[in-house]
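Single-structure report; data block below.
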Amino acid sequence: MAASLDNKLVVAISSRALFNFEEENAIFESGDPRAYMRLQLERLEQPARPGIAFSLIKKLLAFNDTTTQRVEVVILSRNDPVSGMRIFRSGHANEIKLERGVFTQGRSPFRYLRPLRAHLFLSANAEDVREALAAGFPAARVLTESVLAGDNYPNEVRIAFDGDAVLFSDEAERVFQAQGLDAFQQHELSKAAQPLPEGPFKPLLAALHRLQQAGTAAMRIRTALVTARSAPAHERAIRTLMKWDIRVDEAMFLGGLPKGEFLREFEPDFFFDDQTGHVNHAARHVPSGHVSSGIANPR
30 MAASLDNKLV
40 VAISSRALFN
50 FEEENAIFES
60 GDPRAYMRLQ
70 LERLEQPARP
80 GIAFSLIKKL
90 LAFNDTTTQR
100 VEVVILSRND
110 PVSGMRIFRS
120 GHANEIKLER
130 GVFTQGRSPF
140 RYLRPLRAHL
150 FLSANAEDVR
160 EALAAGFPAA
170 RVLTESVLAG
180 DNYPNEVRIA
190 FDGDAVLFSD
200 EAERVFQAQG
210 LDAFQQHELS
220 KAAQPLPEGP
230 FKPLLAALHR
240 LQQAGTAAMR
250 IRTALVTARS
260 APAHERAIRT
270 LMKWDIRVDE
280 AMFLGGLPKG
290 EFLREFEPDF
300 FFDDQTGHVN
310 HAARHVPSGH
320 VSSGIANPR
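Counting in this note's numbering, the sequence shown runs without a single skipped number right up to 328 at its last residue.
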């Protein structure tokens, strides 16, 4: 029977997002790829330490069991195939089941997202993320300076999302940027019953919702909407999720307050936001990724 990714949540992830390769990457960025490859080969028997997205990936893979494979994680990396050996060995040593990988030796790997039909792409490379988003895939640049996820919720995958330009389109954000807060509030109040258009991460939220419904005794999913919106603009966001028939477990309408402290209390395995100010602040408290979409991130 041919292998298939049908009916699975597919996450494509770079090696630096999954493991801590910052020391090795510094050598690569210095312009000496041969020295980088040599170091990776020298450290072949030395498992890499967990990276920023490690907790998210390990928990998602816990939805798999001996009879059903619900989640597939694929390494999608600018690394060379030699370095790929260390990545797979590091996965085995850290009890992360990795079976598939694409290694492009310095070239952008985002084009392989299409045959993978990926629901999420996580990378430390900003340009790869921008290209993936432009091609229609949920993608985020992992902030490698983020703190690692906590361990208070070993049986829950906890994921937090910003709203505008992440789960939803940037339609309302454009009004805010052009006309200010009062115009934004009035715009959203007048359109409260009209669902917001989909944002780049709506497909991921829908896939997580399906995974949650599939159910497993080993792991659950808990999601949160963490947005700068406040009343009365909250109503349109809630009604949009209702229209999509997708439930989030928590919603925080913070009215412009810094998100980091609230995220610290929620303790997500990962947080997604399009605003660099919000995501940089959040990274001090939780694993975070920048979604370079919408008006806040002009190309």
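Backbone N, C-alpha and C define an ideal beta-carbon position, used for all residues, glycine too.
For a test of the three-state rule: what should DSSP assign to residue i, helix, strand or coil?
i	result
Phe92	coil
Ile104	strand
Tyr44	First, the amino acid is wrong: residue 44 is Ser here, not Tyr. If DSSP states are grouped into helix, strand and coil, Ser44 belongs with the helices.
Val39	strand
Val176	coil
Asp302	strand
Ala64	helix
Val204	helix
Ala155	helix
Pro232	helix
Glu227	strand
Pro144	helix
So who's on the other strand from residue i, going by DSSP bridges?
i	result
Glu279	Ala253
Asp193	Phe197
Ile188	Thr252 and Phe299
Phe139	In DSSP, Phe139 forms no bridge with anything.
Leu149	Val40
Arg170	Ser152 and His319
Phe132	Ser106
Between residue i and residue j, which are expected to be in contact by the criterion C-beta below 8 Å, what is the C-beta distance as a whole number of angstroms?
i	j	result
Ile104	Ile116	6 Å
Pro79	Asn108	Not really, about 17 Å apart at Cβ, beyond 8 Å.
Lys220	Arg265	6 Å
Thr252	Asp278	5 Å
Leu233	Pro167	4 Å
Arg268	Ala222	7 Å
Using a 10 Å radius around the Cβ and a threshold of 16 neighbouring Cβ atoms, would you call residue i buried or exposed?
i	result
His263	buried
Arg187	buried
Glu101	buried
Lys37	buried
His307	buried
Ala207	exposed
His148	buried
His121	exposed
Ser106	buried
Pro261	exposed
Gln75	exposed
Ala161	buried
Gly135	exposed
Asp157	buried
Asp94	exposed
Gly165	exposed
Decide if the segment 39-58 is in contact with the segment 135-153; the criterion is three or more beta carbon pairs, one per stretch, under 8 Å apart. yes
Kindly confirm or deny that the segment 245-259 and the segment 189-200 touch, where touching means at least three C-beta pairs closer than 8 Å. yes
Do the segment 223-243 and the segment 196-204 touch if we need at least three Cβ pairs shorter than 8 Å? yes
Indicate whether the contact test is met: 3 or more Cβ pairs, each with one atom in the segment 61-71 and one in the segment 291-298, closer than 8 Å. no
If you pair each beta-carbon of the segment 136-146 with each one of the segment 272-282, do three or more pairs fall below 8 Å? no
Closer than 8 Å is the cut-off here; do at least three beta carbon pairs connect the segment 171-179 with the segment 309-328? yes
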